[in-house]
Amino acid sequence: MSAGPARPDRNAGPAARPDGGAAAGLALCGGTVVTSLDPVTVVAADVVIAGDRIATVGTAPAGVPRRDCSQTLVLPGNVCAHHHLYSALSRGMPVRPPAPQNFLQILQRLWWRLDRALDESAVRLSALVGGLDAVRAGTTTVIDHHASPNVIDGSLDIIADALAELGLRSVLCYEVTDRDGMARAAAGVAENRRFLATPHRLARGMVGAHASFTLGDDTLAACAEAAADSGVGVHIHVAEDAVDQRDADAAYGVRVVERLARAGVLGPDALLAHCVHVTGPEIEQIASAGAAVAHNPRSNMNNRVGYSPLARGRTRLALGTDGIGGDMFAESQLAYFRAMEAGCGPEADWPLRRLAQGARIVGRSFGEPRYGTIQPGAPADLTVLGYPPPTPVTAENLAGHWVFGVSSRHVRDVIVAGDLVVADGRATRVDEALIAHGAAREAERLWARLDGIAPHPFTPKGA
Ligand SMILES: [Zn+2]
8 MSAGPARPDR
18 NAGPAARPDG
28 GAAAGLALCG
38 GTVVTSLDPV
48 TVVAADVVIA
58 GDRIATVGTA
68 PAGVPRRDCS
78 QTLVLPGNVC
88 AHHHLYSALS
98 RGMPVRPPAP
108 QNFLQILQRL
118 WWRLDRALDE
128 SAVRLSALVG
138 GLDAVRAGTT
148 TVIDHHASPN
158 VIDGSLDIIA
168 DALAELGLRS
178 VLCYEVTDRD
188 GMARAAAGVA
198 ENRRFLATPH
208 RLARGMVGAH
218 ASFTLGDDTL
228 AACAEAAADS
238 GVGVHIHVAE
248 DAVDQRDADA
258 AYGVRVVERL
268 ARAGVLGPDA
278 LLAHCVHVTG
288 PEIEQIASAG
298 AAVAHNPRSN
308 MNNRVGYSPL
318 ARGRTRLALG
328 TDGIGGDMFA
338 ESQLAYFRAM
348 EAGCGPEADW
358 PLRRLAQGAR
368 IVGRSFGEPR
378 YGTIQPGAPA
388 DLTVLGYPPP
398 TPVTAENLAG
408 HWVFGVSSRH
418 VRDVIVAGDL
428 VVADGRATRV
438 DEALIAHGAA
448 REAERLWARL
458 DGIAPHPFTP
468 KGA
């Protein structure tokens, strides 16, 4: 598509609000407020929102519209640090036999067929469905990694606009790769640059790159250059499967993390997804560079790629779903249980600190260091859980409630940038049934197109 000029309202706040909402201020009254997940801090207070920010945590003044939050937990909104919204219409999709036997075959026979079948309409519906799933689950920001090789130019605006319709915050990027040819690789870099230069109220960008094993030196350098020029980091899959390391060794004679370091990709703005097959020196290199890592335990289990050694240690580890929905309560709970099973023996608040790390990545992207906390001046991204606790809730035992008690079924309200985007369990800005109906029809068309697309022939070295 032709991107065209930026719509003038992309950078503007909401206009007149039928519910009174943030323009008049809003007070969430009487809840148990988790003001921080790392360290865990819990207070009984009203939270007063003015505009897109938290004004006060304490006692709401008279005259501000009030919302009763007694018997609720008021939390910082969750962040999904690695998502693929473009996969949202693949749920239940028939997989043509033979079934994939390994990670590379999963890419060749499933995801690298699906991404080539996406058109503008499917990209939009995928973002709407995936975004709605996330915000209904209490996720206020999605950090997404997008691929649609036959709709590259303008694709990130389609997603940003769809998520803005829902009122969801996002950090977006286009997945640059050489696997679909050099023209599309260049178009991918250009799309990242174009989007990064376009103002959006609720969206920011990174430079997306697929993975070392589908990126030649020139394209990897172009990604690093685009990121440096825009003052952002590269969001890239790293050693998700051993095939990534085998390719780096066979083609370049280095380990993946070293290759990224030499290309200038490794730094405090980088976001590395997975990091399953990394060894001691690489773990140290990642930690020393200050790069963030998105740990996706459900996806890793589903793809049988292994367990990341970074679950323990000093890495800036956040949590992502890698496209398995947007429910970070579910992901963080599974992450905890998997860490226990792996013998990591994580502290009880380990999943909470991982979620706080995701919020810090978002804070970095938006230039909001208080993002992910509930304190005066912080962006007002909050989730209210209708959770009358069956046992006392304190800072010391919140993790126990988190892992063994709460879930997305408790999500009552979600506020993003001061805007009440989910109220009483329903999205306020869109017709959920209409989106589901449109998505189901879109999925039928998408799945039909998929029948005509062969498994992707791209094979890395050393595979
Ligand atoms: Zn991924």
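Take any residue in the sequence shown, note its place counting from 1, add 7, and you have its number in our numbering.
All C-beta atoms in this analysis are idealised placements derived from N, C-alpha and C, irrespective of residue type, glycine included.
Check: Starting from H444 and walking both ways along the alpha helix (DSSP H), at which residues does that stretch end?
Finding: H444 -> alpha helix (DSSP H) spans 439-457.
Item checked: Secondary structure of P53, DSSP reduced to three states -> In the sequence as displayed, the identity of residue 53 is Asp instead of Pro. DSSP places D53 in strand when its eight states are reduced to three.
Next item on the list: Classify Q108 as buried or exposed, calling it buried when 16 or more other Cβ atoms lie within 10 Å of its own Cβ.
Entry: With fewer than 16 other Cβ atoms inside 10 Å of its own Cβ, Q108 counts as exposed.
Next item on the list: Just confirm the distance between the C-beta atoms of H91 and H152, as a whole number of angstroms; I'd bet it's less than 8 Å.
Entry: With a Cβ gap of about 6 Å, H91 and H152 count as contacting.
Next item on the list: Excluding the 5 residues preceding and the 5 following A298 in the sequence, name in chain order all residues of the same chain whose CB lies nearer than 6 Å to its CB.
Entry: If we look at A298 and ignore the five residues flanking it on each side, its Cβ neighbours are L273, A277, L279.
Checklist line | Classification of H444 by the beta-carbon crowding that lies within 10 angstroms, buried from 16 upward | finding: In summary, H444 is exposed, with fewer than 16 beta-carbon neighbours lying within 10 Å of its beta-carbon over all protein chains present.
Item checked: For review: beta carbons within less than 6 Å of any heavy atom in ligand 1 -> Listed by position along the chain, the residues with Cβ atoms less than 6 Å from a non-hydrogen atom of ligand 1 are H89, H91, H152, H244, A280, D329.
Next item on the list: Whole angstroms is fine: what's the gap from L135's alpha carbon to R211's?
Entry: Approximately 18 Å between the Cα atoms of the pair.
Next item on the list: Tell me whether D236 sits in a helix, a strand or coil according to DSSP, three-state version.
Entry: The answer is helix: DSSP assigns D236 an H, G or I state.
Next item on the list: Go ahead and pull the three-state DSSP assignment for L359.
Entry: If DSSP states are grouped into helix, strand and coil, L359 belongs with the helices.
Notebook entry, point to check: Can you tell me where the alpha helix (DSSP H) with N85 in it begins and where it stops?
Noted result: Counting along the chain, N85 falls outside any alpha helix (DSSP H), though it belongs to the beta strand (DSSP E) covering 85-90.
Notebook entry, point to check: At what residues does the beta strand (DSSP E) containing R176 begin and finish?
Noted result: In the DSSP annotation of this structure, the continuous segment of the beta strand (DSSP E) that includes R176 starts and ends at 176-179.
Check: Start and end of the alpha helix (DSSP H) containing D59?
Finding: If you look at D59, you'll find it isn't in any alpha helix (DSSP H); DSSP assigns it neither H nor E.
Notebook entry, point to check: Is the distance from the Cβ of P396 to the Cβ of L341 below 8 Å?
Noted result: Result no, Cβ atoms of P396 and L341 do not sit closer than 8 Å.
Next item on the list: May I have a chain-ordered list of the beta strand (DSSP E) segments no shorter than 3 residues that lie completely inside the stretch 269-305?
Entry: Listed in chain order, they are 278-281, 299-302.
Next item on the list: Report, in whole angstroms, the separation of the C-beta atoms of T79 and Y394, which I expect to be a contact under 8 Å.
Entry: Confirmed, Cβ separation roughly 6 Å.
Next item on the list: Quick one: grab the DSSP three-state call for V71.
Entry: For V71, the three-state secondary structure derived from DSSP is coil.
Notebook entry, point to check: Mind checking whether S43 and T380 have CB atoms under 8 Å apart?
Noted result: Yes, Cβ-Cβ distance for S43 and T380 is below 8 Å.
Notebook entry, point to check: What are the boundary residues of the beta strand (DSSP E) that includes S155?
Noted result: Run containing S155: none; DSSP gives neither H nor E here.
Margin query: Suppose you measure from the CA of V410 to the CA of T147; what does that come to, to the nearest Å?
Written below: If you take the alpha carbons of V410 and T147, they lie about 20 Å apart.
Next item on the list: Use the C-beta contact count for A69: other C-beta atoms within 10 angstroms, 16 or more gives buried, fewer gives exposed.
Entry: A69 comes out exposed.
Next item on the list: Taking the CB atoms as reference points, tell me whether H264 and E289 lie closer together than 8 Å.
Entry: What sits at residue 264 in the sequence shown is Val, not His. Yes. Within cutoff.
Check: Using a Cβ-Cβ cut-off of 7 Å (strictly less than) and excluding sequence neighbours within five positions of D122, which residues of its own chain qualify?
Finding: Scanning its chain for C-beta atoms nearer than 7 Å, with the 5 sequence neighbours on each side dropped, one finds around D122 the residues Y93, A154, S155, P156, in chain order.
Next item on the list: Starting from the C-beta of C76, find all residues in its chain whose C-beta is less than 7 Å away, skip the five residues before and the five after it, and write them out in chain order.
Entry: These residues qualify, in order along the chain: L35, C36, G37, G38, V391.
Check: Taking all protein chains shown into account, do 16 or more other C-beta atoms lie within 10 angstroms of the C-beta of R311, making it buried, or fewer, making it exposed?
Finding: R311 is classed as exposed because its beta carbon has fewer than 16 other beta carbons within 10 Å across all chains shown.
Note to self: Using the three-state DSSP reduction, which class does E375 fall into: helix, strand or coil?
What the structure shows: When DSSP states are grouped into helix, strand and coil, E375 belongs to the coil group.
Checklist line | Cβ-based neighbour list, L359, same chain, cut-off 8 Å, excluding 5 preceding and 5 following | finding: Cβ neighbours of L359 within its own chain (closer than 8 Å, five residues either side excluded): L44, D45, V47, S339, L405, A406, W409.
Next item on the list: Would you mind listing the alpha helix (DSSP H) stretches within the stretch 373-436 that are 4+ residues and don't spill past its ends, in chain order?
Entry: Whole alpha helix (DSSP H) segments, 4+ residues: 405-411.
Notebook entry, point to check: If L389 sits next to R361, beta carbons under 8 Å apart, how far is it from one beta carbon to the other, in whole angstroms?
Noted result: The beta-carbon separation of L389 and R361, rounded to 19 Å, does not stay under the 8 Å limit for a contact.
Item checked: S43 in three-state terms, based on DSSP -> Of the three classes helix, strand and coil, the one that applies to S43 here is strand, per DSSP.
Check: Over what stretch of residues does the alpha helix (DSSP H) that includes D151 continue unbroken?
Finding: First-last for D151: 146-151, but that is the beta strand (DSSP E), not the alpha helix (DSSP H).
Note to self: Here's the rule: buried if 16 or more other CB atoms are within 10 angstroms of the residue's CB, otherwise exposed. What is S306?
What the structure shows: Residue environment analysis places S306 among the buried positions, since at least 16 neighbouring C-beta atoms fall within 10 angstroms of its C-beta.
Margin query: Using only the alpha-carbon positions, how far apart do L175 and L33 sit?
Written below: Pairing L175 with L33, the inter-Cα distance amounts to about 19 Å.
Note to self: For the alpha helix (DSSP H) containing G138, name the first residue and the last one.
What the structure shows: For G138, the enclosing alpha helix (DSSP H) stretches over residues 127-143.
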